[in-house]
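Written below as structure tokens is the structure these notes are about.
Number of protein chains: 2
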Amino acid sequence: MERLTKTGPIFTDLYELTMAQCYFAEGITDEAAFSLFVRGYPENRSYYVAAGLEEALAEINDYTFSDKDLAYLDKTGLFTDDFLDYLNRFRFTGTVRAMPEGSLFFADEPIMEVSAPIIESQLLETYLINTIGFSSLIATKAARCVHAARGRNVVDFSLRRNQGIDAGVKVARSCHIAGFAATSNVLAGKLYGIPVSGTMAHSFVSIFENEYNAFRVFSENYPDNTVLLIDTHDTIQGAENAAKIGIEMQKKGQSLAGVRLDSGDMATLSRQVRRILDDAGVTDATIFASSGFDEYKIDRVLRENAAIDAFGVGTKLGVSADAPYLDMVYKLVHFGDRDITKQSPGKAYLAGEKQVFRKIGENGMYTGDIIGAKNETIENAVPMLETIIENGKITAPLPDLADIRRYCAESIARLDETIKAIDSPAPYPVSASHNLLEKQKHMAHGSPGGGHGNNL
Amino acid sequence: MERLTKTGPIFTDLYELTMAQCYFAEGITDEAAFSLFVRGYPENRSYYVAAGLEEALAEINDYTFSDKDLAYLDKTGLFTDDFLDYLNRFRFTGTVRAMPEGSLFFADEPIMEVSAPIIESQLLETYLINTIGFSSLIATKAARCVHAARGRNVVDFSLRRNQGIDAGVKVARSCHIAGFAATSNVLAGKLYGIPVSGTMAHSFVSIFENEYNAFRVFSENYPDNTVLLIDTHDTIQGAENAAKIGIEMQKKGQSLAGVRLDSGDMATLSRQVRRILDDAGVTDATIFASSGFDEYKIDRVLRENAAIDAFGVGTKLGVSADAPYLDMVYKLVHFGDRDITKQSPGKAYLAGEKQVFRKIGENGMYTGDIIGAKNETIENAVPMLETIIENGKITAPLPDLADIRRYCAESIARLDETIKAIDSPAPYPVSASHNLLEKQKHMAHGSPGGGHGNNL
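Protein chains in written order, with this note's numbering: chain G, 1 to 456; chain B, 457 to 912.
Here you go:
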């Protein structure tokens with residue numbers, strides 16, 4: 001996988017480094033295990049889709065400070081020469097267990113656990129939450145759009161609204177994992193081999209003498225891929241012009257791929273346009289719709305019997321507008337020879353390294369998860385966390401993007417429809433194992449408590 | 457300025473390239489001018505802060521396709537050899553006029569105008585909206601946080617919640633422009649020279665035998681920068697431990713920099729903690745607060761007389777959670793020898809290249825803007841758009857970040873308090889000049905209409 005941006009451990013919050021220097025100065029090198037999980041759900045979410053793992057692993061696999069990084073850290077005046085020497089030799093030497101990309105996961109379940117000498121495992125916090133949190137946020141939103149589209153194609157049109165360059169390629173990749181048909185993002189096409197697609201802008205139509213001529217020029221240049229944007233002046237007139245082009249293309253042995261609606265009442269307009277195209281014999285041309293779509297609007301127009309074959313979704317998908325962040329945290333669960341937790345009301349989490357066990361019914365459906373201790377065995381349930389980094393190195397080849405996408409589709413198919421509902425989905429049953437609950441009773445009191453957010 | 461991610465024009469929506477190939481094939485090379493502006497306001501916004509220009513200019517100044525980009529485009533099968541040859545030689549040769557970074561701008565006002573042969577000016581669309589839109593979104597949110605803090609320091613703690621790597625450094629830079637005191641983001645410190653700061657995590661406190669020992673170790677390692685996180689077990693007990701450390705530091709001729717609250721009722725707790733510190737004679741130690749802050753929560757706790765000296769803001773700032781995108785568009789306003797607009801209801805915009813004129817009252821306050829035609833003169837008003845790229849090259853050195861930050865603070869000081877209100881701000885008066893309105897009457901009918909969103 002080609003990475004757009006490789007930063008190394010300098011991509012971190014300052015406190016990770018200042019704490020690390022304390023550990024270094026005090027000779028604290030015990031193994032510390034951290035658990036990466038999401039607390040609760042935003043509104044209308046009952047499951048998450050894991051994404052971003054491949055990029056995170058590539059980063060961990062080659063996690064070093066550059067000379068420039070060290071020169072900068074030196075300049076801050078916060079760090080000793082001894083500690084900077086240590087950072088110069090710094091490598092990640094620990095173990096990473098994680099759910100494969102494309103897995104479904106649920107609130108409070110570890111999606112990843114990292115175990116290493118404390119400086120190493122602590123230092124990964126900011127990067128892992130940023131990368132896996134955002135990629136999973138978007139994969140989840142995208143899965144909802146795909147589900148709402150009931151088998152119709154969905155295309156990522158969000159690039160201009162994404163929060164930065166890197167967000168753009170992460171969104172395209174997460175959408176592809178979650179089942180999108182294509183992206184408008186050319187860079188993502190280049191980096192990941194995701195199919196790219198697009199139509200035309202209103203500005204294109206406007207610079208020609210008239211709409212028909214704009215359509216004609218486009219169809220001559222792309223006889224195999226002509227999708228005409230028909231709402232620049234008036235959608236009905238646009239559909240009539242598109243039908244003319246479709247007829248002319250048929251005479252040349254070609255076929256108009258489709259038309260695109262970008263404004264107005266989508267359900268009504270799409271049926272009118274379908275009739276115009278069908279009456280002209282341009283029955284192969286599909287109707288593509290864009291303009292403010294997300295899973296809610298897709299669901300609504302299809303319930304209104306829109307004659308739409310595919311959707312372009314942009315802004316609201318690309319920033320997960322109804323829930324623009326996840327409460328993903330990276331919590332210390334084991335240090336040296338003891339389990340760690342915090343027990344303050346509302347912020348408690350489960351101590352100890354864990355495994356997530358998924359039960360599968362006879363019909364292949366997921367029936368519930370059990371969060372257990374790392375080394376326990378639960379019969380008739382699939383352990384979800386796999387060891388993927390040992391001694392700091394990736395242990396086995398990672399699945400390619402097509403396999404991740406396929407696995408994600410299979411996983412979503414195993415989830416009950418009620419849990420996938422766009423509005424007010426039912427909860428998925430997750431419990432803790434007896435074994436894990438017993439462990440909690442033996443906890444030292446008053447282990448890390450406190451804040452809900454970023455504890456910098 | 458060091459750029460984290462240089463992508464060139466391959467960072468674009470596919471349709472920009474497919475339209476470009478049509479223009480190329482048809483020999484359409486007329487100059488086209490596009491206007492970059494935001495339609496309307498999200499709730500509780502009445503002004504915007506411009507940011508992201510420096511990065512955009514660096515990109516435009518060196519806007520080329522790499523061999524790998526061209527090999528990928530060739531592989532898509534969509535492009536002719538002639539067009540790929542053209543892309544291989546592609547450079548931006550046009551003119552860019554823009555408001556300086558740190559400027560305030562308002563709905564419907566062009567923040568930038570680009571004029572160039574149509575392929576060149578069209579191709580910039582996706583990149584400019586992405587980069588300038590997101591940077592300005594965050595600078596605007598950050599300015600609101602600074603305003604709510606009434607002179608207290610505000611620090612960016614959002615890195616883990618930012619939507620990707622690149623978003624992280626853009627957020628830190630936009631916050632710095634808007635007046636934040638520091639960031640936790642070490643990479644942004646390295647790239648831009650922004651002050652970095654941080655405290656400690658709950659995990660740090662939890663691995664020592666007790667809180668006091670954790671505090672002691674930290675203070676011994678950072679005698680000049682000790683801010684102690686006091687809510688791991690119990691905030692009051694934590695404040696008492698911090699007071700002990702403060703007294704011990706005083707005996708060594710040192711000074712405890714501060715304590716940090718990260719949970720609980722901030723107004724009440726902060727006053728209790730202040731009393732504990734003051735009673736112990738640790739009066740210099742400041743109280744730093746974090747946990748779910750944004751401009752609304754800062755405003756609320758200060759109205760409740762919280763004894764808080766500085767705020768760490770994270771998640772809600774870092775994705776602009778209450779308004780995670782701007783409706784920024786890049787619209788064709790002039791082509792060849794004619795002005796262009798669209799006139800469909802609700803989506804109309806002003807035809808022609810423009811200038812924004814800002815009126816300043818005798819007391820130095822901004823009193824209103826007039827959007828005029830590019831070449832008109834309006835007396836007693838400052839033209840906001842400056843030519844910064846000519847013949848494809850940056851014409852003059854750009855201001856450094858400290859100057860941008862200073863200019864932004866001056867600009868915000870010139871805006872009436874009612875317009876800066878956190879809730880339900882008053883509107884800022886913006887009108888169109890007589891000259892510009894006259895131009896609209898002579899428009900060809902039915903120029904580009906249509907969609908509200910991404911017209912791909």
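The beta-carbon is built from N, C-alpha and C at its ideal position, and this holds for glycine as well. Since the model is a prediction, treat every value here as computed from it, not as a measurement.
Query: Within this structure, are the beta carbons of B:Ser726 and B:Leu712 separated by less than 9 Å?; Result: no
Query: Are G:Tyr47 and G:Thr140 touching if we call contact CB-CB under 9 Å?; Result: yes
Query: G:Thr18 to B:Gly654, Cα distance in whole Å?; Result: 8 Å
Query: Can you tell me which of the three DSSP states B:Asp765 falls into?; Result: coil
Query: Determine contact between the stretch 574-590 of chain B and the stretch 889-898 of chain B, defined as no fewer than three beta-carbon pairs at a distance below 8 Å.; Result: no
Query: Give the residues of chain G in contact with B:Ser889, contact being defined as C-beta atoms less than 9 Å apart.; Result: Those within 9 Å of B:Ser889 in chain G number zero; the least Cβ separation is about 24 Å.
Query: Could you say which of G:Phe65, G:Leu78, G:Leu124 lies nearest to G:Gly94 if we only look at CA atoms?; Result: G:Leu124
Query: Below 7 Å between beta carbons is the criterion; list the residues of the stretch 649-666 of chain B that meet it against any residue of chain G, in chain order.; Result: Val652, Ser653, Gly654, Thr655, Met656, Ala657, His658, Ser659, Phe660, Val661, Ser662, Ile663
Query: Does G:Asp339 pass the burial test, meaning 16 or more other C-beta atoms within 10 Å, or should it be called exposed?; Result: buried
Query: I'd like to know if G:Ile276 contacts chain B, where contact means its C-beta is closer than 9 Å to some C-beta of that chain.; Result: no
Query: Note down, in chain order, every chain B residue with its Cβ under 9 Å from the Cβ of G:Ala167.; Result: Asn586, Phe590, Asn618, Gln619, Gly620, Ile621, Asp622, Ala623
Query: Between the stretch 603-616 of chain B and the stretch 768-776 of chain B, can you find at least three pairs of beta-carbon atoms closer than 8 Å?; Result: yes
Query: Measure the beta-carbon distance from B:Val625 to B:Ala644 and round it to whole angstroms, keeping in mind my assumption that it falls under 8 Å.; Result: 5 Å
Query: Quick one, are the C-beta atoms of B:Ser880 and B:Asn544 less than 9 Å apart?; Result: no
Query: Under the three-state reduction of DSSP, which class applies to B:Ala888: helix, strand or coil?; Result: strand
Query: How long is the line joining the alpha carbons of B:Glu751 and G:Phe90, rounded to whole angstroms?; Result: 39 Å
Query: List the DSSP bridge partners of B:Thr843.; Result: B:Arg553
Query: In three-state DSSP terms, what is B:Asn609?; Result: strand
Query: With 16 other CB atoms within 10 Å as the buried threshold, where does G:Thr341 fall?; Result: buried
Query: Can you check DSSP and say which residues form a bridge with G:Ala116?; Result: G:Ala32
Query: The beta strand (DSSP E) that contains G:Phe335, what's its start and end?; Result: 328-335
Query: In three-state terms, what does DSSP make of G:Tyr366?; Result: strand
Query: Is B:His901 helix, strand or coil when you go by DSSP?; Result: Bear in mind that the predicted position of B:His901 carries a pLDDT of just 46, short of 50, making it too unreliable to give a figure here.
Query: In chain G, what lies closer than 8 Å to B:Pro498 by C-beta?; Result: Those do not exist, as B:Pro498 stays about 11 Å from chain G at its closest Cβ, beyond 8 Å.
Query: I want to verify the contact list: residues of chain B whose CB lies under 8 Å from the CB of G:Gln440, in sequence order.; Result: By Cβ distance, chain B contributes nothing, its closest Cβ being about 15 Å from G:Gln440, past 8 Å.
Query: Which word fits B:Ser903, buried or exposed, when buried means at least 16 other C-beta atoms lie within 10 angstroms of its C-beta?; Result: In this prediction, B:Ser903 scores a pLDDT of 43, lower than 50, which makes its location untrustworthy; the coordinate-derived value is nonetheless stated afterwards. B:Ser903 should be labelled buried.
Query: Which residues bound the beta strand (DSSP E) around G:Thr286?; Result: 286-289
Query: With DSSP as the reference, please indicate the residues paired to G:Phe293 in a beta bridge.; Result: None; G:Phe293 has no bridge partner.
Query: So the alpha helix (DSSP H) G:Gly466 belongs to, where does it begin and stop?; Result: Because chain G here runs from 1 to 456, residue 466 of chain G falls outside it and cannot be looked at.
Query: Checking the sheet assignment: what are the DSSP bridge partners for G:Val38?; Result: G:Met328
Query: Entirely within the stretch 132-178 of chain G and at least 3 residues each: give me those beta strand (DSSP E) ranges in chain order.; Result: 153-156
Query: Answer yes or no: does any C-beta atom of chain G fall closer than 9 Å to that of B:Phe674?; Result: yes
Query: Consider the C-beta atom of G:Leu78 and the heavy atoms of the ligand ADP; say whether any pair is separated by less than 8 Å.; Result: By its list of ligands, the structure shown contains no ligand whatsoever, and the ligand ADP lies outside what it can speak to.
Query: Let me know the secondary structure DSSP gives G:Leu123 once reduced to three states.; Result: helix
Query: Looking at the structure shown, is G:Thr183 part of a helix, part of a strand, or coil, going by DSSP?; Result: strand
Query: Going straight from the alpha carbon of G:Ala50 to that of G:Pro399, what length do you get?; Result: 14 Å
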